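Below is one structure; the comments refer to it alone.
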Amino acid sequence: MRTKLLVTLWLVMTLICAVAPVNRSHVVSAQTRPKAQQKSTRYACPMHPEITSSRPGKCSKCGMTLRAVSDEPATTSNNNPAGATAPEAAEDSISLHIPDTPVYDQNGKRLNFYTDLVKGRTVAINFIFTTCTTICPPLTATFRRVQVELGARVGRDVQLISVSVDPTTDVPERLQAFATKFKAAPGWTFVTGEKTEIDALLKALGTAVADKNDHTPMILVGNDTAGYWTRTYGLAPPSALVRVISEVADHK
Amino acid sequence: MRPHCSAKLLSYSKHLAVLAGLALSLLSGHHAEGIAPVQQGMLTPQEQRGKQIYVRGTSASGQAILAYLGEESLEVDGSVMACANCHGLDGQGKPEGGVTPSNITWEALTKPYGVMHPNGRKHSAYTERALELALTRGLDPDGNKLLNVMPRYQMSRADTADLIAYLKRLGTDRDPGITENSIKIGTVVPTKGALADMGQAVKAVISAYFDELNSQGGIYHRRLELKVAETGETPASTRANVERLLQDEQVFALTGAITAGADQELFTLAAEHAVPLVGPLTLYPSPGAPLNRQVFYLLSGLDGQARVLVNFAAQKSPANKTGVAVVYPATESARSVADAIKDQYRKDGWGAPETYEYAPADYDAAAIARKLSQTGRAAIFFLGSGAEALALLREAEKLHWSPEVYLPGAITGQEILTAPVSFDHKIFLSFPTSPAAQTQQGLKDFRALAEKHQLPAHHLAAQLSAYAAAQVLVEGLKRGGRDLSREKLIAALEGLYEFESGVTPALTYNPNRRIGALGAYIVSLDLNKKQFVPVSGWLDVN
Chain A
1 MRTKLLVTLW LVMTLICAVA PVNRSHVVSA QTRPKAQQKS TRYACPMHPE
51 ITSSRPGKCS KCGMTLRAVS DEPATTSNNN PAGATAPEAA EDSISLHIPD
101 TPVYDQNGKR LNFYTDLVKG RTVAINFIFT TCTTICPPLT ATFRRVQVEL
151 GARVGRDVQL ISVSVDPTTD VPERLQAFAT KFKAAPGWTF VTGEKTEIDA
201 LLKALGTAVA DKNDHTPMIL VGNDTAGYWT RTYGLAPPSA LVRVISEVAD
251 HK
Chain B
1 MRPHCSAKLL SYSKHLAVLA GLALSLLSGH HAEGIAPVQQ GMLTPQEQRG
51 KQIYVRGTSA SGQAILAYLG EESLEVDGSV MACANCHGLD GQGKPEGGVT
101 PSNITWEALT KPYGVMHPNG RKHSAYTERA LELALTRGLD PDGNKLLNVM
151 PRYQMSRADT ADLIAYLKRL GTDRDPGITE NSIKIGTVVP TKGALADMGQ
201 AVKAVISAYF DELNSQGGIY HRRLELKVAE TGETPASTRA NVERLLQDEQ
251 VFALTGAITA GADQELFTLA AEHAVPLVGP LTLYPSPGAP LNRQVFYLLS
301 GLDGQARVLV NFAAQKSPAN KTGVAVVYPA TESARSVADA IKDQYRKDGW
351 GAPETYEYAP ADYDAAAIAR KLSQTGRAAI FFLGSGAEAL ALLREAEKLH
401 WSPEVYLPGA ITGQEILTAP VSFDHKIFLS FPTSPAAQTQ QGLKDFRALA
451 EKHQLPAHHL AAQLSAYAAA QVLVEGLKRG GRDLSREKLI AALEGLYEFE
501 SGVTPALTYN PNRRIGALGA YIVSLDLNKK QFVPVSGWLD VN
């Protein structure tokens, strides 16, 4: 029955993908969908099958070397609706205008959203607020794992961004404490700013909600160079998000 | 006009006296006598340990609690995903972003006919064993998977047992100090030594205010009971006294406490025990990051006042935007005020002030005056004692140098009125509140209370502060509702906007703001008539 809920969530997210394009230099338009990778090599612990990773390494529980296993295509399982395990199932690319909103990062540094964070890069953007306790901790913990798995790419060609949907409360100091709690490393920027500015940014990114508690666990993934954008479910397994981000980054 | 002026003069003098009094180190104190009434409905030690796991995701034993999230068992620390984050302190569940955490009160979990969730998942009643499986394996009693944002927890058997013991009480336990018909409130005052009179006055005004309120039905038919801890001989013993008060009396919140001398100890204590502390009487509030959520201050400290002085000075004369000097003793508290001044200059985008730090033991007013007069500074901010300020002004006069002098009011005492006449109207003091902030109604109410309860005539400024603190607390308790908790009180206080106590400037709090009246009044000195002359209305820091 969880299935129903997740499918509904996924449908809702697919539906909100229709955002009107605006005429600006970095307006991008609908393009083809990235090839969904049906199979990929994953690595699991021989002793703890629940410990898996998209790359070789050691088990976090016992330290044994992870062994390659074949990944089941997510769509074959009845228990796992597409929305839960296959975030690449986000439908078509979306039209998006990324505004150059003046924002502050977690260090209180003034940045321009498009120029400083998005231009020429692949970005993954999630939406949080620091006093949110139900979905933000799992969303943020997932982002942290994504950062670890993407390794050195983060900060180089991939940028992770967390935009506060409660900019009035989330002053840079709060974002800093939040970032520290989740061990965020460089290449992951937390963003706040004037409420009117952030509201306009959220609207442009298609995530504006009247009540901050209604914000969705959605992640916006885009490749500015290729002009390709897609949305995906933020509470999906980290490896699935890594897959989506890699695909978007490789998009030509 | 005349009587009005003299009333103001009196009050400014009193402010100076009380603030100087607060700055004194505290000398005496006896331990409160330990009475330990057993509270009905109190949690057992095991349930208390379980509550810590539920609320904070940490174990009192120090053993690790880990949470594994989703199909890939993303490992996070238990503190990041404590039960209360999603299920709430009351266990009812806090829906957010399409996720609806279950009601996990024992009553809801053990309904004999089971539970049908909104998403269609159905299961029979939980047992202790079933709950353990839900926590560790993520399965309900019928073997269905729980929602994917519910982590699977790894904790010791003892911790699991503690948590389950608490889960049975969840939603029925109240925060300490609240019963069906009473709320216990604590305060901390000196009862011995130089400040004993002030302590007695503060205690008397809070008691009187509570009595008045109780005679009108209390707060949702709960009486307010005041419990008092004594200030100890050392900060550590004050802390121990208050800790004993929290333990023995189970007070719900603290108010009007004279924390001076043990500020840091008591603010930390409030945070550790999650006890709201409303309106401590202190010169050194610490409202900065990381935010101490429990402590709500009424008035600006010296740093906030200094920021107002900076803005005032810059507005008064363009020369003050670039050429000022900050003179301060090499003490931690003075340095923090000097830092605030520098920071305010930076924020306002003006030139960085010159700084001059001196060791209080080898204070050489003549040398400082000589050095500063040579650089020809238009204004100085002085953060030392009143006597030191006075010595500097006298040396400056000898050099025929009379810059504007800015002093956070509480640092100096009455003696500043004896400054050389060449500084007439050139000395500016800041005050966190002023007679101008008092409304007619506010004073009328206070006088009526004072008369009816025969409050002492001395330490009026301290009494007014405590009276305002108690009003803020009571407003928060009212807004918190009948189903009160400490968290609800904090949330209610964070919602106060321009609350009129009638005896202080309007008080505003929010999730990032812990100083109610963030600003100051500026007063100059007429050195011929030996009078304080108000030169500003209320000035906000921002």
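Residue numbers (this note's numbering), protein chains in the order written: chain A, 1 to 252; chain B, 1 to 542.
Glycine included, every Cβ here is placed at the ideal spot set by N, Cα and C.
Fair warning: this is a prediction, and the values are worked out from it, not measured in the lab.
Which two residues bound the contiguous beta strand (DSSP E) that contains residue i?
| i | result |
| --- | --- |
| residue 571 of chain B | Outside the shown range of chain B (1 to 542) lies residue 571 of chain B, about which nothing can therefore be said. |
| residue 524 of chain B | 519 to 526 |
| residue 73 of chain B | Segment: none, residue 73 of chain B is in no beta strand (DSSP E) and carries neither H nor E. |
| residue 555 of chain B | Residue 555 of chain B lies beyond the stretch modelled for chain B, which goes from 1 to 542, so this question has no answer here. |
| residue 226 of chain B | 223 to 230 |
| residue 154 of chain B | 152 to 154 |
| residue 383 of chain B | Unbroken run through residue 383 of chain B: none, as it is neither H nor E. |
| residue 124 of chain A | 122 to 128 |
| residue 184 of chain B | 182 to 189 |
| residue 161 of chain A | 158 to 164 |
| residue 110 of chain A | 110 to 112 |
Can you round the beta-carbon distance between residue i and residue j to whole angstroms, since I take them to be within the 8 Å contact cut?
| i | j | result |
| --- | --- | --- |
| residue 494 of chain B | residue 238 of chain A | Between residue 238 of chain A and residue 494 of chain B the Cβ distance is about 34 Å, and since that is not below 8 Å, they are no contact. |
| residue 160 of chain A | residue 124 of chain A | 5 Å |
| residue 472 of chain B | residue 279 of chain B | 6 Å |
| residue 120 of chain A | residue 196 of chain A | That pair is no contact at about 27 Å. |
| residue 234 of chain A | residue 142 of chain A | 7 Å |
Of the residues the options, which one's Cα is nearest the Cα of residue i?
| i | options | result |
| --- | --- | --- |
| residue 80 of chain B | A/142, A/157, A/182 and A/102 | A/182 |
| residue 380 of chain B | B/428, B/140, B/271 and B/95 | B/428 |
| residue 354 of chain B | B/347, B/365 and B/339 | B/339 |
| residue 189 of chain B | B/181, B/180, B/177 and B/202 | B/202 |
| residue 383 of chain B | B/482, B/414, B/407 and B/361 | B/407 |
| residue 168 of chain B | B/90, B/236, B/199 and B/154 | B/90 |
| residue 323 of chain B | B/403, B/291 and B/521 | B/403 |
| residue 267 of chain B | B/357, B/244, B/293 and B/308 | B/293 |
| residue 117 of chain A | A/137, A/200 and A/163 | A/163 |
| residue 127 of chain A | A/224, A/228 and A/214 | A/214 |
| residue 483 of chain B | B/104, B/86 and B/171 | B/171 |
| residue 228 of chain A | A/220, A/216 and A/234 | A/220 |
| residue 185 of chain A | A/155, A/193, A/113 and A/212 | A/155 |
| residue 207 of chain A | A/165, A/133, A/140 and A/94 | A/165 |
| residue 540 of chain B | B/519, B/532 and B/83 | B/519 |
| residue 150 of chain B | A/53, A/158, A/157 and A/135 | A/135 |
| residue 261 of chain B | B/225, B/333, B/461 and B/356 | B/333 |
| residue 254 of chain B | B/274, B/58 and B/330 | B/274 |
| residue 321 of chain B | B/310, B/250, B/412 and B/528 | B/310 |
| residue 276 of chain B | B/153, B/252 and B/291 | B/252 |
In the DSSP assignment, find the alpha helix (DSSP H) that holds residue i and state where it starts and stops.
| i | result |
| --- | --- |
| residue 545 of chain B | Because chain B spans 1 through 542 in this model, residue 545 of chain B falls outside it and cannot be assessed. |
| residue 472 of chain B | 460 to 480 |
| residue 146 of chain B | Here residue 146 of chain B belongs to no alpha helix (DSSP H), and DSSP marks it neither H nor E. |
| residue 446 of chain B | 440 to 452 |
| residue 489 of chain B | 486 to 494 |
| residue 172 of chain A | 172 to 181 |
| residue 145 of chain A | 136 to 150 |
| residue 63 of chain B | Note, residue 63 of chain B: premise wrong, no alpha helix (DSSP H); not H, not E. |
| residue 54 of chain B | 45 to 56 |
| residue 404 of chain B | Careful: residue 404 of chain B lies outside any alpha helix (DSSP H), inside the beta strand (DSSP E) at 404 to 408. |
| residue 160 of chain B | 157 to 167 |
| residue 136 of chain B | 128 to 137 |
For residue i, return the contacting residues in chain C, with the cut-off set at a CB-CB distance below 9 Å.
| i | result |
| --- | --- |
| residue 214 of chain A | The structure shown contains no chain C; the protein chains it does contain are A and B. |
Spell out a yes or no on whether the segment 482 to 491 of chain B and the segment 226 to 245 of chain B are touching, meaning 3 or more CB-CB pairs, one atom from each, closer than 8 Å. Proximity of the segment 482 to 491 of chain B to the segment 226 to 245 of chain B falls short of the contact definition, fewer than three beta-carbon pairs being nearer than 8 Å.
Please give me, in chain order, every unbroken run of the beta strand (DSSP E) with length at least 3 that falls completely inside the segment 205 to 245 of chain A. Counting only runs of 3 or more, we get 218 to 223 and 228 to 233.
Length at least 4, wholly inside the segment 80 to 110 of chain B: the alpha helix (DSSP H) runs in chain order: Those alpha helix (DSSP H) runs which fall completely within the segment 80 to 110 of chain B and span 4+ residues are 83 to 87 and 106 to 109.
Within 8 Å, do at least three Cβ pairs link the segment 386 to 400 of chain B to the segment 333 to 351 of chain B? They do not touch, by the three-pair rule.
Say whether the segment 436 to 447 of chain B touches the segment 494 to 509 of chain B, bearing in mind that this needs 3 or more beta-carbon pairs closer than 8 Å, one atom from each stretch. Yes, the segment 436 to 447 of chain B is in contact with the segment 494 to 509 of chain B.
Quick check on the DSSP output: what are the complete alpha helix (DSSP H) runs of length 4 or more inside the segment 235 to 308 of chain B, in order along the chain? Fully contained in the segment 235 to 308 of chain B are the following alpha helix (DSSP H) runs of length 4 or more, in chain order: 235 to 249 and 263 to 273.
Any 3 or more C-beta pairs closer than 8 Å across the segment 99 to 113 of chain A and the segment 41 to 49 of chain B: Touching, no, given that fewer than three Cβ pairs across the two stretches are closer than 8 Å.
Tell me, please, whether the segment 52 to 68 of chain B touches the segment 151 to 168 of chain B by the rule of three or more beta-carbon pairs shorter than 8 Å. Flag = yes, the segment 52 to 68 of chain B and the segment 151 to 168 of chain B touch.
contact_flag[the segment 238 to 248 of chain A, the segment 144 to 155 of chain A] where n(CB pairs < 8 Å) is 3 or more: A contact exists between the segment 238 to 248 of chain A and the segment 144 to 155 of chain A.
Would the segment 204 to 224 of chain B and the segment 239 to 246 of chain B be scored as touching if the rule is three or more Cβ pairs under 8 Å? No contact exists between the segment 204 to 224 of chain B and the segment 239 to 246 of chain B.
Output the residue ranges of the beta strand (DSSP E) runs that lie fully inside the segment 332 to 377 of chain B and measure 3 residues or longer, sorted by chain position. Runs of the beta strand (DSSP E) lying entirely within the segment 332 to 377 of chain B, each at least 3 residues long, are 354 to 358 in chain order.
Counting pairs of beta carbons, one from the segment 341 to 351 of chain B and one from the segment 360 to 377 of chain B, are three or more of them closer than 8 Å? Using a Cβ-Cβ distance cut-off of 8 Å, the segment 341 to 351 of chain B and the segment 360 to 377 of chain B are not in contact, since fewer than three pairs of beta carbons, one from each stretch, lie closer than that value.
Would you be able to state if there are at least three C-beta pairs under 8 Å between the segment 269 to 287 of chain B and the segment 297 to 314 of chain B? The segment 269 to 287 of chain B and the segment 297 to 314 of chain B touch, with three or more beta-carbon pairs separated by less than 8 Å.
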